[in-house]
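First up is the structure itself, then whatever we jot down about it.
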Amino acid sequence: MNVTVSHGFSRRRFFQKALTGAAGAAALPPLAGCATSGAAFVGDCLREPSRETPLREDADVIVCGAGPAGVAAALAAARAGARTRLFDANGCLGGVWTAGLLTWIFDFDKPGLTRELSQKLDARGARHGSQRSMFAYEPEEMKVLLEELCVEAGVLTRLHTRVAAAHVEGRRLAAVITESSSGREAWRAPVFIDATGDGDLGAFAGCGWHIGCTETGECQPLTLNALAAVRDVSLLKDHLTCDDLKGHVAATQRNLAELQRAGVDPSYHMPTIFPVRDNIVLLMFNHEYGVKPYDADGMTAATLRARREIHAMVGALRKLGGPWEGIRLIATAEQIGIRDGRRIRGRFTVVKDDLISGARHPDAVCRVTFGVDIHAATRDKNKRETIGRGGVARMLPYDIPLRALIAKDVDGLLTAGRCISGDFVAHASYRVTGNAVATGEASGVVAAIAAKSGRLPHEVDWSEAKALLNRENAGA
Numbered sequence: 000m001n002v003t004v005s006h007g008f009s010r011r012r013f014f015q016k017a018l019t020g021a022a023g024a025a026a027l028p029p030l031a032g033c034a035t036s037g038a039a040f041v042g043d044c045l046r047e048p049s050r051e052t053p054l055r056e057d058a059d060v061i062v063c064g065a066g067p068a069g070v071a072a073a074l075a076a077a078r079a080g081a082r083t084r085l086f087d088a089n090g091c092l093g094g095v096w097t098a099g100l101l102t103w104i105f106d107f108d109k110p111g112l113t114r115e116l117s118q119k120l121d122a123r124g125a126r127h128g129s130q131r132s133m134f135a136y137e138p139e140e141m142k143v144l145l146e147e148l149c150v151e152a153g154v155l156t157r158l159h160t161r162v163a164a165a166h167v168e169g170r171r172l173a174a175v176i177t178e179s180s181s182g183r184e185a186w187r188a189p190v191f192i193d194a195t196g197d198g199d200l201g202a203f204a205g206c207g208w209h210i211g212c213t214e215t216g217e218c219q220p221l222t223l224n225a226l227a228a229v230r231d232v233s234l235l236k237d238h239l240t241c242d243d244l245k246g247h248v249a250a251t252q253r254n255l256a257e258l259q260r261a262g263v264d265p266s267y268h269m270p271t272i273f274p275v276r277d278n279i280v281l282l283m284f285n286h287e288y289g290v291k292p293y294d295a296d297g298m299t300a301a302t303l304r305a306r307r308e309i310h311a312m313v314g315a316l317r318k319l320g321g322p323w324e325g326i327r328l329i330a331t332a333e334q335i336g337i338r339d340g341r342r343i344r345g346r347f348t349v350v351k352d353d354l355i356s357g358a359r360h361p362d363a364v365c366r367v368t369f370g371v372d373i374h375a376a377t378r379d380k381n382k383r384e385t386i387g388r389g390g391v392a393r394m395l396p397y398d399i400p401l402r403a404l405i406a407k408d409v410d411g412l413l414t415a416g417r418c419i420s421g422d423f424v425a426h427a428s429y430r431v432t433g434n435a436v437a438t439g440e441a442s443g444v445v446a447a448i449a450a451k452s453g454r455l456p457h458e459v460d461w462s463e464a465k466a467l468l469n470r471e472n473a474g475a
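Numbering that gives the first Met the number 0 numbers the first residue of the sequence shown as 0 and each following residue consecutively.
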């Protein structure tokens, strides 16, 4: 039986095309360059011998990280005619949308891919809510939609592959090095995009970066999202945060009171329940404080603590009975949600004053409408002021310029999503995924133009890129 999945693709054709990006890599010697014969222990280090790493050069643009920003960048680059490779450490595309079970989208009412994704989710019956800017979506449908779009555009996708290092020649990023079950591999291209969220590629390449609050060094906490099934969602109507956000604070205070009545003092004092569809809800119930995303031990411990806390909270609510009777976890996220990662130093830095003045730029790639949303950095502060506004009494919609996406310290590198150049307060506004998609699209089309014309990203005028992007979106 020939089953159609979407876009007129048969299931057989879909998987044939999806595998073409891995076909060349499969021909490499297994685990080439990974032997450690000749290594020696020197003090508290293991001195490895020099080795030759297999080098691939099959792309014009390489995108590292396949979250909302990375998928958008890869699609824009490929649709602009560039041979595009996309790497991600997870087993699916979408990052926080899918592996992170975010399930709710913010600041999404923008032209371009945001609109296209909304329409395609609607066609699947997988987008829920009355607002264009914020809504619920079904993460499994998002996974396969992103996969189909990347296959259709010809993006060479590699999952289960982590960027481990970068090679710079002079000022120019020349190659990235990845590690996976296929071993250690090097990949060369004219232009690279860091869409890792945490600025891993930029940091590996030697770019300057910042993280957290400049004055204190504190970062916003992590959150592990979870999906749950409830017996009757209508019985929880006073506990839900819906897409108009009316009654949000009151609903979270009711949830806090119920958890405390059940004998639990949650790590997040605005525990939020978002309706997804039918009797499925998203639980945003926990916080993990003081963890840097580049600390693997800390991230592991935070994930284990968070999952344990979520299970305990749901179990406690179930014992209350009433509207909570029968509540069950469906899934906790594979990827814990990160609010603060490295912000790679760019040729422009978006700052707090831009939000206050509603800054405008001739090379604007995105207009941000989401307000400042700073989650308290410690459990004690969380109890006193759970969400702060960073001293911005009134935020005006403001522009992110292309210059904030172009690395200052290394040539040939663009950024997209959370790791673009901005200060702590501005980042707490633009970090949501609608803006990640918009910055990803911009970086992708600029990277394609630069690679195909033999220029560096900072040599491409935004007017040229914008015209091409508009043509892409008109034909989508």
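For each residue, glycine too, the CB sits at the ideal point set by N, CA and C.
None of these values were measured; they are calculated from a predicted model.
For Trp186, the uninterrupted beta strand (DSSP E) run begins and ends at 182-187, by DSSP. Closest by C-alpha distance to Arg306, out of Lys142, Ser266, Ile326, is Ser266.
Taking each of Gly196, Phe284, Val290 in turn and checking the Cα distance to Ala376, the smallest one comes out for Val290.
For Phe203, the enclosing alpha helix (DSSP H) covers residues 199-203.
Taking C-beta atoms under 8 Å as the contact rule, Gly99 and Ala332 qualify, at a distance of about 5 Å.
Between Pro138 and Thr113, the CB-CB gap reaches or exceeds 7 Å. Residue Leu244 holds the alpha-carbon nearest to the alpha-carbon of Ile272 among Ala163, Lys382, Leu244, Ala202. For the 7 Å CB-CB criterion, Gly93 and Leu145 form a contact. Between the segment 326-345 and the segment 380-397 there are fewer than three inter-stretch CB-CB distances shorter than 8 Å, so the stretches are not counted as touching. Straight-line spacing of the CA atoms in Ala79 and Glu440 works out to 11 Å.
With a contact defined as Cβ atoms closer than 8 Å, Asp108 and Arg131 qualify at about 4 Å. Its chain contains Arg126, Tyr136 as the residues whose beta carbon lies nearer than 6 Å to that of Leu120, once the 5 sequence neighbours on both sides are disregarded; these appear in chain order. Each residue's CA atom was taken as its position, placing Gly389 and Ser181 some 45 Å apart. The beta carbon of Asp410 sits closer than 6 Å to those of Arg170, Arg171, Leu455, all from its chain and outside the five residues before and after it, given in chain order.
Approximately 5 Å separates the beta-carbon atoms of Thr177 and Glu184; this is inside 8 Å, confirming the contact. The beta-carbon separation of Gly357 and Leu395, rounded to 3 Å, stays under the 8 Å limit for a contact. A residue is called buried when at least 16 other Cβ atoms come within 10 angstroms of its Cβ; Gln219 meets this threshold and is buried. Taking C-beta atoms as the reference points, Gly340 and Cys212 fail to come closer than 7 Å. In this chain, the alpha helix (DSSP H) harbouring Leu303 covers 295-319.
Ile337 sits in coil when the DSSP states are folded into three classes, being neither helix nor strand. For Ala437, the closest C-alpha among the options Thr52, Arg55, Ala68 is that of Ala68. Comparing alpha-carbon positions, the option among His360, Trp186, Thr432 lying closest to Tyr397 turns out to be His360. Within the DSSP bridge table, the entry for Trp208 names Ile343 as partners.
Beta-bridge analysis with DSSP links Trp103 to Ala135. Comparing C-alpha distances from Ala164 to each of Arg157, Gly153, Arg187 shows the shortest one belongs to Arg187.
Separation of Gly246 and Ile192 (C-alpha to C-alpha, rounded to the nearest whole angstrom) is 40 Å. Asn254 places its beta carbon 7 Å or farther from that of Cys365. Collapsing the DSSP output to three states places Asp362 in coil. Around the beta carbon of Asn469, a 10 Å sphere encloses fewer than 16 other beta carbons of the protein chains shown; the residue is thus reported as exposed. Scanning its chain for C-beta atoms nearer than 7 Å, with the 5 sequence neighbours on each side dropped, one finds around Leu467 the residues Ala79, Val444, Ile448, in chain order. Contact check for Trp461 against Asp362 passes: the beta carbons are separated by less than 7 Å.
Just measuring C-alpha positions, the residue of Val459, Ala71, Leu116, Pro189 sitting nearest Arg55 is Pro189.
Within the segment 405-454, the runs of alpha helix (DSSP H) that reach at least 4 residues and sit entirely inside it are, in chain order, 423-429, 432-452. Distance from the CA atom of Thr299 to the CA atom of Thr102, rounded to whole angstroms, is 22 Å. If you ignore the 5 residues before and after Arg123, its C-beta comes within less than 6 Å of the C-beta of Glu140, all in its own chain and listed in chain order. The DSSP assignment places 67-78 as complete runs of the alpha helix (DSSP H) inside the segment 42-113, in order along the chain (cut-off: 4 residues).
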